[in-house]
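FYI, the numbering for the sequence shown is 166 to 255, going by my numbering. In this text, a Cβ means the ideal position worked out from N, Cα and C, and glycines have one as well. Reading through the structure tokens given below for one structure.
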Amino acid sequence: MEHENEIKKTPISDIDKKIEQLEERKNRIVRLASEKERKQRANRLIQTGALAEKYFGIEHLSIEKREELFKIFSDFISKNTPEKYRRNND
Numbered sequence: 166m167e168h169e170n171e172i173k174k175t176p177i178s179d180i181d182k183k184i185e186q187l188e189e190r191k192n193r194i195v196r197l198a199s200e201k202e203r204k205q206r207a208n209r210l211i212q213t214g215a216l217a218e219k220y221f222g223i224e225h226l227s228i229e230k231r232e233e234l235f236k237i238f239s240d241f242i243s244k245n246t247p248e249k250y251r252r253n254n255d
């Protein structure tokens with residue numbers, strides 16, 4: 166019963182203010198999570214590029230030439246990737 170009295174005493178504007186604060190907090194959390202995911206992806210891309218340069222010796226190639234080289238081998242790699250490295254095999 167005490168809780169009901171407390172609700173009745175709370176003005177609508179206070180409730181609206183609380184809703185707005187919670188929505189702002191939710192948006193901030195979503196934004197931070199998205200930013201974290203973006204940074205993790207950027208880091209993976211950098212690491213993958215470094216590995217490609219290391220193992221394929223492609224530092225001297227332009228981006229266009231690197232893409233051509235990757236296209237040449239992509240079909241072979243896709244078809245011959247061991248099961249444990251495939252996308253749906255966690």
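Residue i, DSSP secondary structure in three states
{"i": "THR175", "result": "coil"}
{"i": "SER227", "result": "coil"}
{"i": "GLY214", "result": "helix"}
{"i": "ASN245", "result": "helix"}
{"i": "ARG193", "result": "helix"}
{"i": "ASN253", "result": "coil"}
Nearest-angstrom beta carbon gap, residue j and residue i [assumed within contact, 8 Å]
{"i": "ILE223", "j": "ARG231", "result": "5 Å"}
{"i": "LEU226", "j": "LEU234", "result": "7 Å"}
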